[in-house]
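Student: Mapping to UniProt numbering: the sequence shown position 364 is 364, numbers consecutive. Quick reminder that beta carbons are idealized off the backbone N, C-alpha and C, glycines included. Computed from a predicted model, the values in this text were never measured in an experiment.
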Amino acid sequence: MAPQDRQQIKVGILGATGTVGQRFIQLLSVHPYFKINALGASSRSAGQQYSKVTRWKLNTPIPKEIGQMVVQECQPEAEGFKDCAVVFSGLDADVAGNIEQAFRSAELVVYSNAKNYRRDPLCPLIVPLVNPSHLSIIPHQRSQLNLSKGYIVTNANCSTTGLVVPLAALEKAFGPLETVLVTTLQAISGAGYPGVSSLDILDNVVPHIGGEEEKIEWETNKILGGLKSSDTEFDLHASSENNTKPINVSAHCTRVPVIDGHTGCVSVKFTRSPPPSIAEVEQAFREFKCEAQDLGVPSAPEQAIVVHDLPDRPQPRLDRDLHNGACVSVGRIRECPVFDVKFVCLIDNVRLGAATSSIMNAEIAVEKGLI
Ligand SMILES: NC(=O)c1ccc[n+]([C@@H]2O[C@H](COP(=O)([O-])OP(=O)(O)OC[C@H]3O[C@@H](n4cnc5c(N)ncnc54)[C@H](OP(=O)(O)O)[C@@H]3O)[C@@H](O)[C@H]2O)c1
Numbered sequence: 001m002a003p004q005d006r007q008q009i010k011v012g013i014l015g016a017t018g019t020v021g022q023r024f025i026q027l028l029s030v031h032p033y034f035k036i037n038a039l040g041a042s043s044r045s046a047g048q049q050y051s052k053v054t055r056w057k058l059n060t061p062i063p064k065e066i067g068q069m070v071v072q073e074c075q076p077e078a079e080g081f082k083d084c085a086v087v088f089s090g091l092d093a094d095v096a097g098n099i100e101q102a103f104r105s106a107e108l109v110v111y112s113n114a115k116n117y118r119r120d121p122l123c124p125l126i127v128p129l130v131n132p133s134h135l136s137i138i139p140h141q142r143s144q145l146n147l148s149k150g151y152i153v154t155n156a157n158c159s160t161t162g163l164v165v166p167l168a169a170l171e172k173a174f175g176p177l178e179t180v181l182v183t184t185l186q187a188i189s190g191a192g193y194p195g196v197s198s199l200d201i202l203d204n205v206v207p208h209i210g211g212e213e214e215k216i217e218w219e220t221n222k223i224l225g226g227l228k229s230s231d232t233e234f235d236l237h238a239s240s241e242n243n244t245k246p247i248n249v250s251a252h253c254t255r256v257p258v259i260d261g262h263t264g265c266v267s268v269k270f271t272r273s274p275p276p277s278i279a280e281v282e283q284a285f286r287e288f289k290c291e292a293q294d295l296g297v298p299s300a301p302e303q304a305i306v307v308h309d310l311p312d313r314p315q316p317r318l319d320r321d322l323h324n325g326a327c328v329s330v331g332r333i334r335e336c337p338v339f340d341v342k343f344v345c346l347i348d349n350v351r352l353g354a355a356t357s358s359i360m361n362a363e364i365a366v367e368k369g370l371i
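1) How about I71 and V53: are their beta carbons less than 8 Å apart?
2) Look at the alpha carbon of A78 and the alpha carbon of N37, and state the distance between them as a whole number of angstroms.
3) For a test of your reading of the model: does the CB of V11 fall under 7 Å from any non-hydrogen atom of ligand 1? Yes or no.
4) Any contact of the stretch 292-300 with the stretch 221-232, i.e. 3+ C-beta pairs under 8 Å?
5) Does the beta-carbon distance from I13 to I25 come in below 8 Å?
6) List, from N- to C-terminal side, the alpha helix (DSSP H) runs of 4 residues or more that fit wholly inside the stretch 142-193.
7) Among V366, G15, L310 and V281, which residue has its Cα nearest to the Cα of S45?
8) Heavy atom of ligand 1 less than 7 Å from the Cβ of C253, yes or no?
9) Find out if the Cβ-Cβ distance for the pair D321, R313 is shorter than 8 Å.
10) Determine which residues share a DSSP beta bridge with L346 and list them.
11) Looking at V165: is its Cβ nearer than 8 Å to the Cβ of L125?
12) Beta carbon of Y151: closer than 7 Å to some heavy atom of ligand 1?
13) So, E217 versus A251, is the Cβ gap smaller than 8 Å?
14) For Q315 and I347, what's the separation of their Cα atoms in angstroms?
15) Since E100 contacts N116 with CB under 8 Å, what's their CB separation in whole angstroms?
16) Confirm the yes/no value for this check: CB of C92, any heavy atom of ligand 1, distance under 7 Å.
17) Give me the residue from K82, F34 and Q22 with the minimum Cα distance to P61.
18) Pick from Q293, V153, I278 and T160: whose alpha carbon is nearest that of P337?
19) Got a sec, what are the start and stop residues for the alpha helix (DSSP H) L318 sits in?
20) Can you determine whether any heavy atom of ligand 1 sits closer than 7 Å to the C-beta of R317, and answer yes or no?
21) Which one of F234, V266, N242 and H262 has the shortest CA to CA distance from N248?
22) On the criterion of 16 or more Cβ atoms from any shown chain inside 10 Å, does V330 qualify as buried, or is it exposed?
23) Give the range of the alpha helix (DSSP H) segment to which V95 is assigned.
24) Any idea which residues DSSP pairs F88 with across the strands?
25) Hey, which unbroken runs of the alpha helix (DSSP H) at 4 residues or more fall wholly within the stretch 232-293?
26) Where T271 and L58 are concerned, what is the direct C-alpha to C-alpha distance, given to the nearest angstrom?
27) Leaving aside the five residues before and after D286 along the sequence, list all residues of the same chain whose C-beta is less than 8 Å from its C-beta, in chain order.
28) Would you tell me roughly how many angstroms separate the C-alpha atoms of residue 373 and C253, rounded to the nearest one?
29) Determine the closest residue to Q7 out of L27, F34, V30 and L28, with distance taken between C-alpha atoms.
30) Quick check: does the Cβ of R44 come within less than 7 Å of any heavy atom belonging to ligand 1?
31) Would you say the beta carbon of A96 comes nearer than 7 Å to a heavy atom of ligand 1?
32) Cα separation between E282 and Q303?
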């Protein structure tokens, strides 16, 4: 259907006052498929006008009609939410579990950024540039929970997303990977607002982000793995049919004084021997195409992976805005004396790492008739 003939779908935003919630508002307020109909946050904010209660941190103004809306409690029966088909959630993990489940039970489609349902065997964990095919488990999720419309789709941890896009390009071109080692340099916006205190982060590197390494190490195999032929179970990258074993992933995570943009320094070993040449790896990154692009959904970047030739790129400040923050940048592709190849990747953690992924996942679901 041509975009101009499509009736806009009413959506709500959970955690609308937060870092991810603000990006949802910025992106959805001009969206061709979706119309913001409800904003939800904690009881600290509920009942108040959005512009009065939000510490807006983006460099575009709060859209006027959104600023005037009254923030609701995150309940499916609340004003505005009861007319929505979809909610985009930027809720804290402490509260996301019960709230997102309540919305699903009320037959809404939920796109979550929290960790709570990422390991759930019924919930797809989708990076839209990598594995939208995992949406095929939705009929099973609905039938197991006796739902006709509601379901939950999660997106990945923001550093995981920046890593799996180039890894997917390598697996697509050269077959399964054996081992991946990544060291991240993560932006402070990844911790939400107000995040890490300035006295802790300025002039400093903090070599610990609670739970982050385990997320990268586990989520990578769910995303890069497939669905078993019955479309009812994820293979977690261990399939006799596809001849895959779980990839050994080891992550070191650090927080650095960057506002937006997570960098990853990655080393990879292929199962294939001999491994591809550096020129072949670079070509695989440059030629990577994904389903979101084939479907032509509005948030899909023209290029999923931007390869940088200069030896000192990608850099967060210079490269995070490429393709409206919806792509992954890759550079410094070179031989690894311990594994096979090493490179640097960069993702905008709040756009492709969070809000843009949820929105692109929902656009793909619309195109597949799942909303
Ligand atoms: N920031 C990133 O780069 C990023 C990337 C990927 C995933 N994520 C994930 O996305 C989620 C949101 O992260 P964030 O950085 O946006 O956090 P944030 O800035 O701290 O925002 C949290 C939001 O949750 C709301 N909230 C807190 N307690 C609540 C409650 N009891 N009931 C209802 N709403 C409540 C807050 O509302 P009030 O303003 O009313 O307190 C606020 O809107 C987290 O699960 C995070 O792990 C974040």
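Tutor: Inspection of the coordinates gives the following:
1) At residue 71 the sequence reads Val, which differs from the Ile that was named. The answer is yes: Cβ separation under 8 Å.
2) 11 Å
3) no
4) no
5) yes
6) 158-174
7) The shortest CA-to-CA distance from S45 to any of V366, G15, L310 and V281 is the one to G15.
8) Between ligand 1 and C253, a heavy atom-to-CB distance of less than 7 Å is absent.
9) no
10) L346 is bridged by DSSP to T263 and S329.
11) no
12) no
13) yes
14) Straight-line Cα distance between these residues: approximately 10 Å.
15) 7 Å
16) The question names Cys, yet the displayed sequence has Asp at residue 92. D92 Cβ: within cutoff of ligand 1.
17) Q22
18) Comparing alpha-carbon positions, the option among Q293, V153, I278 and T160 lying closest to P337 turns out to be I278.
19) P316 to D319
20) Not so, every heavy atom of ligand 1 lies at least 7 Å from the Cβ.
21) V266
22) buried
23) Segment A93 to S105, the alpha helix (DSSP H) holding V95.
24) Looking at the DSSP assignment, F88 forms a beta bridge with I13 and Y111.
25) As far as the stretch 232-293 is concerned, its whole alpha helix (DSSP H) runs of at least 4 residues are 278-287.
26) 43 Å
27) Looking at the sequence provided, one finds Arg at residue 286 rather than Asp. Cβ within range, chain order: I305 and V307.
28) Only positions 1 to 371 of the chain appear in the structure, and residue 373 is not among them; the question remains open.
29) For Q7, the nearest C-alpha among the options comes from F34.
30) yes
31) If you check the C-beta of A96 against ligand 1, you find a heavy atom less than 7 Å away.
32) 14 Å
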